[in-house]
Every structure is written in structure tokens, then in C-alpha cells.
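Numbering-wise, the sequence shown is residues 1 to 95 according to the working numbering.
A virtual CB, placed ideally from N, CA and C, is assigned to each residue, including glycine.
All of these numbers come straight from a predicted model, not from anything done at the bench.
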Amino acid sequence: MPDPADALTLQFLAWVAEEPRTYAQAMEAWRSTCPRLSIWEDAILDGLVAFAGGTTRNQSRVVLTPKGRARLREGESEPARQSAETSWRIAVLAR
1 MPDPADALTL QFLAWVAEEP RTYAQAMEAW RSTCPRLSIW EDAILDGLVA
51 FAGGTTRNQS RVVLTPKGRA RLREGESEPA RQSAETSWRI AVLAR
């Protein structure tokens with residue numbers, strides 16, 4: 001069975017790549033108090049996303065790093081997308 005956290009990481013990276021997002025938007029949409037679903041925090045620590053521009057952290061944009069873009073490309077196969085959708089539904093229902 002695929003790792004749900006990996007599928008959610010891919011979904012997070014796709015979400016960031018989809019359109020410009022601010023730090024505040026990412027915090028609101030992806031912050032979690034569940035230590036097993038720390039997707040946003042793990043992406044920062046793993047160097048998959050970085051912050052660009054903005055005079056404050058909340059105004060800064062969240063952008064994919066080269067490592068994040070590569071990870072997203074690796075995971076863009078059809079089975080990974082299906083797994084990400086399933087994992088996201090599970091995570092939302094668990095809240």
C-alpha cells in the first residue's frame with residue numbers, strides 16, 4: 001500500500017505549482033496538528049518548497065524548489081494521482 005503521506009506531499013506540491021500561493025494561504029490550507037500528517041512542515045524541512053518575495057512571512061510566496069519540481073514530476077504518474085486523491089479524501093474525513 002502506498003504511503004499516504006507521500007501521496008499528500010505530491011498533492012501539496014501540485015497545489016503550490018498550480019498558482020501563486022502565499023505563506024498565509026499555505027498555513028491555512030495545510031497546517032496540521034497531527035504529527036503523522038505534517039505535509040507542509042515536512043516539505044519545508046525536506047527542501048521541496050521555499051519562500052520568495054514579500055515584506056513579511058505571511059506575504060511571501062511559497063514556491064517549489066528544483067528538488068520539489070523534480071519530486072512532483074516523479075510522482076505525476078496516473079497511479080500516484082489516484083493514490084493522492086484517495087489519501088486526501090481520507091485525511092479530510094479524519095478531521
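Item                                                                                    : Value
Cβ-Cβ separation, residue 10 to residue 72 (assumed contact under 8 angstroms), whole Å : 7 angstroms
Candidates 70, 31, 23 and 30, of which the one nearest residue 55 by Cα                 : 23
Buried or exposed (CB count within 10 angstroms, at least 16 for buried), residue 13    : buried
Between the CA atoms of residue 66 and residue 58 - distance to the nearest angstrom    : 22 angstroms
Rounded separation between residue 49 and residue 27 - CA only                          : 13 angstroms
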